[in-house]
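Some notes on the structure that comes next.
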Amino acid sequence: MPELKYWQAIRSALRDEMARDERVLVLGEDVAQPGGPFGATKGLLDEFGPSRVRDTPISEAAIMGAALGAAMTGLRPVAEIMFLDFMTLAADQLVNQAAKVSWMSGGRFHVPLVVRTICGNRRGTGPQHAQSLEAWLAHVPGLKVVWPSSPGDAYGLLKTAIRDDDPVVVVESLALWGSRGPVDEGADVPLGTAAVRQPGGDLTVAAWGATVPVALDAARHLADEGIGVEVVDVRSISPLDEATILASVAKTGRLVVVHDAVSPAGVGAEIAALAAGQGFDTLRAPVVRVTAPFAPVPFAKHLETAYYPQADDVVAAARRVLER
Amino acid sequence: MPELKYWQAIRSALRDEMARDERVLVLGEDVAQPGGPFGATKGLLDEFGPSRVRDTPISEAAIMGAALGAAMTGLRPVAEIMFLDFMTLAADQLVNQAAKVSWMSGGRFHVPLVVRTICGNRRGTGPQHAQSLEAWLAHVPGLKVVWPSSPGDAYGLLKTAIRDDDPVVVVESLALWGSRGPVDEGADVPLGTAAVRQPGGDLTVAAWGATVPVALDAARHLADEGIGVEVVDVRSISPLDEATILASVAKTGRLVVVHDAVSPAGVGAEIAALAAGQGFDTLRAPVVRVTAPFAPVPFAKHLETAYYPQADDVVAAARRVLER
Amino acid sequence: MVDPYALYETMARIRSFETAASKLLAQTRIGGFLHLSIGQEAVAVGVCAALRRDDLISSTHRGHGHCIAKGGTVERMMAEMFGRESGYCKGRAGSLHIADPNAGILGANAIVGGGLPMGVGAALSAQVRGSDQVSAVFFGEGAVAEGVFHECLNLAGLWRLPVVFVCEHNSWAEMTPVTTHLAAPDVEEFAVPYRIASEVADGNDVLVVHDAASRAVARARAGEGPTLLVCRTYRWRGHFEGDPATYRDPDELAAWQERDPLRALREVLVAEDTSAAARLDALDAEAERAVQRAVEAAEAEPPAPVGTVVEDVYRAPLAIHGGAHA
Amino acid sequence: MVDPYALYETMARIRSFETAASKLLAQTRIGGFLHLSIGQEAVAVGVCAALRRDDLISSTHRGHGHCIAKGGTVERMMAEMFGRESGYCKGRAGSLHIADPNAGILGANAIVGGGLPMGVGAALSAQVRGSDQVSAVFFGEGAVAEGVFHECLNLAGLWRLPVVFVCEHNSWAEMTPVTTHLAAPDVEEFAVPYRIASEVADGNDVLVVHDAASRAVARARAGEGPTLLVCRTYRWRGHFEGDPATYRDPDELAAWQERDPLRALREVLVAEDTSAAARLDALDAEAERAVQRAVEAAEAEPPAPVGTVVEDVYRAPLAIHGGAHA
Ligand SMILES: Cc1ncc(C[n+]2csc(CCOP(=O)(O)OP(=O)(O)O)c2C)c(N)n1
Ligand SMILES: Cc1ncc(C[n+]2csc(CCOP(=O)(O)OP(=O)(O)O)c2C)c(N)n1
Ligand SMILES: [Mg+2]
Ligand SMILES: [Mg+2]
């Protein structure tokens with residue numbers, strides 16, 4: 000298995016799918032000639048030509064909607080919305096249109112659309128380039144949402160997303176852009192599945208994207224003290240893999256959720272609610288959410304570091320939960 | 000105390016605040032000459048003139064952003080975004096701009112902006128005019144969000160919102176448009192407070208907007224069986240009145256949340272997570288969320304009726320929780 | 000050459016359909032928001048007659064005419080208004096969301112301007128696939144104030160996409176006149192800064208609309224890029240059924256009613272051929288019968304089963320979260 | 000009459016500030032995304048010199064020049080880049096978000112086109128309050144593809160708001176040339192369908208920009224409505240610091256560097272007056288010293304306290320939900 004960087008894995012998935020299926024089209028700001036704002040589409044223009052790899056104007060709504068229309072009429076577009084924060088500009092096209100077309104048309108139109116977008120969290124990009132808006136996406140029927148935390152998943156989830164017949168938003172972490180890992184080009188990663196990154200019996204920590212390394216770090220600390228943390232990489236934000244999360248909570252009885260989004264009505268709330276609902280009988284301690292404070296994302300490095308959950312915060316939360 | 004209809008209460012609050020404070024400005028589609036798509040701004044143009052009461056083009060982003068700029072420079076605008084679904088078109092201006100200006104400017108600019116918007120749920124308006132997107136708003140630091148369930152609150156919350164120095168989104172229910180109730184023009188309703196609409200000792204039902212009557216209805220049914228339901232009208236979606244909700248759960252040990260939004264990452268999840276976190280030790284049964292299914296809002300009356308939570312659904316959920 | 004009787008027939012079918020829908024709503028036999036295009040039929044028919052069946056349209060809240068003209072059947076449309084499973088949206092989404100891949104209808108739309116990008120996307124698809132399909136996108140002049148209109152013109156202009164932007168310019172957006180919602184009413188001027196072709200047509204003359212649309216479609220099909228086609232017309236009814244339209248001058252309405260697109264075409268045809276009147280009367284009668292049959296059939300069907308409301312959210316069923324019975 | 004030496008002085012301050020910022024970033028003494036306007040100073044200075052202190056501007060991701068020209072101090076701007084509490088955003092939001100009510104700076108902005116509506120809103124406010132304040136809104140030609148630009152032109156045209164739309168047309172949006180992102184590069188043409196005035200100015204000639212801006216501001220102040228002012232210019236640096244800008248032809252850059260706005264003004268002044276050179280050299284030196292002092296002062300300050308990051312989210316503190324220590 001080759002080792003690739005996160006962004007190379009993305010590029011590799013795009014390349015492989017474009018080679019396999021001529022219906023796949025890539026469009027977005029700076030994706031063609033420049034090869035992507037951060038390199039993830041480098042080489043595609045040369046290999047697949049200007050019809051299938053297109054630089055767009057700075058028009059997020061039109062990018063999303065044009066990709067939608069193309070998806071309804073025989074193509075399988077991969078649209079790039081440069082930063083997740085800019086999804087606000089494409090929100091009508093995504094939420095009121097793309098997500099509803101299958102349902103509204105009585106299942107007669109399908110929308111094999113992939114939207115790639117970057118979350119700039121933990122990379123000094125500030126309040127308008129680093130918001131974690133996955134909860135918005137999870138709240139929209141008709142969308143699927145994934146957030147890979149490793150090059151392997153970046154490859155596998157994107158590939159599966161492109162082959163899926165429904166709109167899938169793939170959120171990518173700029174913070175993980177240069178991280179390396181094995182990429183199995185044969186293996187698909189099914190949408191809708193979480194992955195247990197580390198088994199453990201005392202406590203479940205659920206995380207995704209850039210908080211997975213944070214959770215694993217905390218788990219290592221706690222392992223030194225003989226505490227077994229099960230780290231669940233949620234990975235599929237919508238649909239949630241409820242079974243895997245509930246099974247872990249059933250085993251450990253304790254749940255901490257870590258995410259970079261703010262807390263109110265975040266995906267952490269959904270996971271906590273799941274535990275408080277179907278998981279209630281197995282829950283032995285309060286569910287603790289370790290999240291960003293209810294404030295925009297600061298730019299200055301030292302403030303940003305303090306803003307996002309760190310391994311220490313997860314360890315502290317774990318201790319509180321384990322006291323019980 | 001006069002009895003007013005819900006929409007009349009809104010109009011009355013606008014009128015009173017415009018008369019009191021000449022900085023208050025009303026702008027939106029069809030709000031001036033036509034008096035609002037559903038009458039809530041009737042008469043304001045005549046009384047306050049075309050400078051302060053403005054019909055806009057169909058330009059949700061510009062409406063929101065122009066109101067923001069006006070709020071930053073000495074006015075107190077009340078912008079109308081006709082339906083909550085259209086907030087998607089103004090989302091950048093609301094989320095990336097208005098909500099962050101105070102924080103980004105180091106507290107030097109303030110944004111005394113009110114955004115009024117209607118949710119068309121339970122009124123046959125279909126998939127693009129009836130979404131309950133309050134969870135999106137609750138997830139945005141810098142916004143306050145309220146949803147009145149009665150004429151009294153429609154008046155009181157709007158008035159308080161106009162006097163507030165932060166951006167407040169007021170969601171109004173078309174389903175309650177013609178409902179009547181007493182309006183105390185002297186009393187302010189503070190933002191950030193829930194209201195216990197009916198006390199009870201056996202079970203807490205949290206609801207807002209058009210599900211408050213549903214919850215009260217269910218409570219009446221259960222009262223006949225000797226079951227005491229405490230109905231909490233959440234009313235302030237952000238910030239949540241955590242104390243009132245937790246106090247009720249501490250008393251009853253059981254929580255059902257009812258809302259018209261879909262379930263995943265909804266405000267119901269937040270309230271369930273609150274119970275599973277700070278409220279865990281008082282919780283004696285799983286938290287049940289009674290919500291719309293994970294699908295767009297149907298147009299046909301019989302489908303819409305089945306789609307939204309009804310009193311029977313709340314009663315059934317209550318029974319399940321009370322078995323424990 | 001287009002057959003003017005075919006144009007008339009389609010206009011009559013739209014007129015009958017909407018007249019029936021208006022009555023059905025007044026009788027509460029159907030529900031929902033109903034936006035009628037009575038008086039504007041010539042635009043829908045003139046444009047769609049210039050299209051092939053495999054061409055695509057994207058429509059609006061005032062979309063019955065577009066859908067019928069593009070080949071949507073009154074049976075399935077009526078079934079949709081009644082909330083029947085045989086409706087275009089399986090009865091769940093209503094007249095604001097009619098869509099049909101077989102007839103090339105991407106969808107009506109309840110978001111002003113919301114359908115423009117998908118129409119541009121269909122044109123993009125045709126271009127990428129090397130097909131000569133054309134996409135026509137309907138919108139009211141009110142949608143010109145939505146930013147997305149401009150994003151679409153720019154994209155279509157840049158990529159020279161085979162799309163015809165059809166503005167149904169009826170001078171009103173809900174209860175607000177164009178003088179209040181556009182800085183200038185001359186929508187066709189927007190073609191200039193985007194370097195796209197434009198056409199202005201009398202939107203109440205179906206032959207004129209058809210001519211202009213045919214030129215636009217021919218350009219698109221030949222790879223010569225988009226056209227902005229502005230048709231001035233007028234809606235006879237209120238913004239939606241139930242709107243008394245007290246905001247507008249009755250004389251304004253009366254003047255436009257004088258220019259009824261059906262009557263206008265009838266006069267042309269009758270002037271050409273004395274037997275035309277009878278033929279047109281027959282078409283009127285047949286249109287009404289067809290709609291009547293559709294109403295009866297739809298009404299006789301059972302309501303769409305309640306369980307179907309959670310279907311088709313995704314192509315393959317997912318475990319549905321939430322719901323009242325969760 | 001505008002004092003050209005004052006114009007020069009401000010351009011020199013901007014040039015010094017950004018040159019220093021570039022070095023500080025390269026030395027990792029500061030962090031963040033840094034978009035420099037070196038080469039474009041004449042637009043910021045020409046426009047802002049036509050404004051009063053109580054007029055308002057709304058700025059962009061490339062906003063240091065606008066902020067300095069409008070009266071932002073290099074001390075507080077530099078403190079912001081260093082993440083100090085004395086910075087304009089209390090060190091929390093960085094150079095992309097500088098705002099100052101006292102200097103009439105509504106804010107820089109990291110969303111392309113995001114600042115346009117608030118600038119229009121400031122003009123609306125002035126109109127409603129009966130003030131004669133004017134609002135100037137800066138944006139790049141890339142923002143013309145964002146729908147909100149058009150919504151703003153329409154609204155401003157309709158209401159004849161006192162706003163000047165200033166397009167800094169540098170022919171590039173990130174790594175993409177204008178030919179790829181606009182159907183036509185002639186942004187000034189958008190004034191026509193909105194019936195607003197337009198001006199085209201050589202964006203590297205501060206006197207020309209100032210003249211055009213002064214006319215636009217005068218119209219706005221007189222209640223004659225908005226102007227679209229398009230200034231052709233060029234950025235010397237990459238899109239952001241760290242971008243090697245390999246996508247563009249070095250000759251293109253070289254040609255524009257020949258037209259350095261500071262040097263151009265210097266040549267004019269020296270031709271008029273032989274003592275000018277010394278005076279301008281002194282201004283250059285003073286600009287550099289001022290920036291250097293600001294750097295030293297900012298660097299000497301302690302980092303903004305970590306707790307301040309949750310302040311000012313609301314005017315009155317609320318119970319903050321969540322957070323790592325919840
Ligand atoms: C985004 C959005 N904003 C507002 C509305 C409410 N609305 C529905 S139709 C309409 C007027 C549309 O006018 P126009 O585009 O001219 O079409 P017409 O009704 O005249 O055919 C408005 C404002 C909406 N449906 N969507
Ligand atoms: C809504 C949005 N889309 C995309 C971006 C990424 N982005 C930042 S600057 C830029 C190019 C802007 O070009 P232009 O407006 O011409 O300004 P210039 O950089 O040339 O000064 C882009 C695409 C963004 N910040 N916001
Ligand atoms: Mg109209
Ligand atoms: Mg540019």
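Sequence lines, in order, name chains A, B, C and D.
Using numbering that gives the first Met the number 0, read the first sequence as starting at 0 and increasing by one per residue.
Using numbering that gives the first Met the number 0, read the second sequence as starting at 0 and increasing by one per residue.
Using numbering that gives the first Met the number 0, read the third sequence as starting at 0 and increasing by one per residue.
Using numbering that gives the first Met the number 0, read the fourth sequence as starting at 0 and increasing by one per residue.
Where a beta carbon is used, it is the ideal one built from N, C-alpha and C, also for glycine.
heavy atom of ligand 1 below 7 Å from residue i C-beta
{"i": "R22 of chain B", "result": "no"}
{"i": "I110 of chain C", "result": "yes"}
Proximity winner among the options, relative to residue i (alpha-carbon distances)
{"i": "L252 of chain C", "options": "C:G237, C:A263 and C:I13", "result": "C:G237"}
{"i": "A92 of chain D", "options": "B:R19, B:G180 and B:S101", "result": "B:S101"}
{"i": "V133 of chain C", "options": "C:S213, C:P249 and C:F16", "result": "C:S213"}
{"i": "V168 of chain A", "options": "A:L67, A:V255, A:V320 and A:H220", "result": "A:L67"}
{"i": "W176 of chain B", "options": "B:V25, B:D15 and B:P36", "result": "B:P36"}
{"i": "F164 of chain D", "options": "D:A43, D:A183 and D:L35", "result": "D:A43"}
{"i": "V371 of chain A", "options": "A:R179, A:L215, A:E184 and A:D187", "result": "Outside the shown range of chain A (0 to 323) lies residue 371 of chain A, about which nothing can therefore be said."}
{"i": "G125 of chain A", "options": "A:D311, A:R318, A:E322 and A:T304", "result": "A:T304"}
{"i": "R253 of chain A", "options": "A:A264, A:D240, A:A268 and A:F279", "result": "A:F279"}
{"i": "L83 of chain A", "options": "A:T116, A:K99 and A:M71", "result": "A:T116"}
Contact under 8 Å by Cβ, residue i with residue j
{"i": "A206 of chain B", "j": "V266 of chain B", "result": "no"}
{"i": "T251 of chain A", "j": "L221 of chain A", "result": "no"}
{"i": "S85 of chain C", "j": "E300 of chain C", "result": "yes"}
{"i": "N203 of chain D", "j": "A19 of chain D", "result": "no"}
{"i": "S57 of chain C", "j": "G118 of chain C", "result": "yes"}
{"i": "A39 of chain B", "j": "R53 of chain B", "result": "no"}
{"i": "T276 of chain A", "j": "V314 of chain B", "result": "Sequence check: residue 276 of chain A is Gly here, not Thr. Not in contact: G276 of chain A and V314 of chain B (Cβ atoms no closer than 8 Å)."}
{"i": "P3 of chain D", "j": "L228 of chain D", "result": "no"}
{"i": "V248 of chain B", "j": "A284 of chain B", "result": "no"}
Per-residue DSSP class, three states only, for residue i
{"i": "M71 of chain A", "result": "helix"}
{"i": "K89 of chain C", "result": "coil"}
{"i": "H324 of chain C", "result": "Confidence is the limiting factor: at H324 of chain C the pLDDT is only 43, short of 50, which leaves the residue's position unreliable and the question unanswerable from this model."}
{"i": "A98 of chain B", "result": "coil"}
{"i": "G27 of chain A", "result": "strand"}
{"i": "R323 of chain B", "result": "coil"}
{"i": "G139 of chain D", "result": "strand"}
{"i": "H60 of chain C", "result": "coil"}
{"i": "S15 of chain C", "result": "helix"}
{"i": "K41 of chain B", "result": "coil"}
{"i": "Y7 of chain D", "result": "helix"}
Residue i Cβ short of 7 Å to ligand 2 heavy atom set
{"i": "G103 of chain D", "result": "no"}
{"i": "G64 of chain D", "result": "no"}
{"i": "E59 of chain A", "result": "yes"}
Residue i: CB within 7 Å of a non-hydrogen atom of ligand 4
{"i": "E17 of chain D", "result": "no"}
{"i": "G202 of chain D", "result": "no"}
message: Counting beta carbon pairs with one atom in the stretch 8-18 of chain C and one in the stretch 53-70 of chain C, are three or more of them shorter than 8 Å?
response: yes
- request: Could you tell me whether the stretch 99-117 of chain A touches the stretch 222-232 of chain A, where touching means 3 or more Cβ pairs closer than 8 Å?
  value: no
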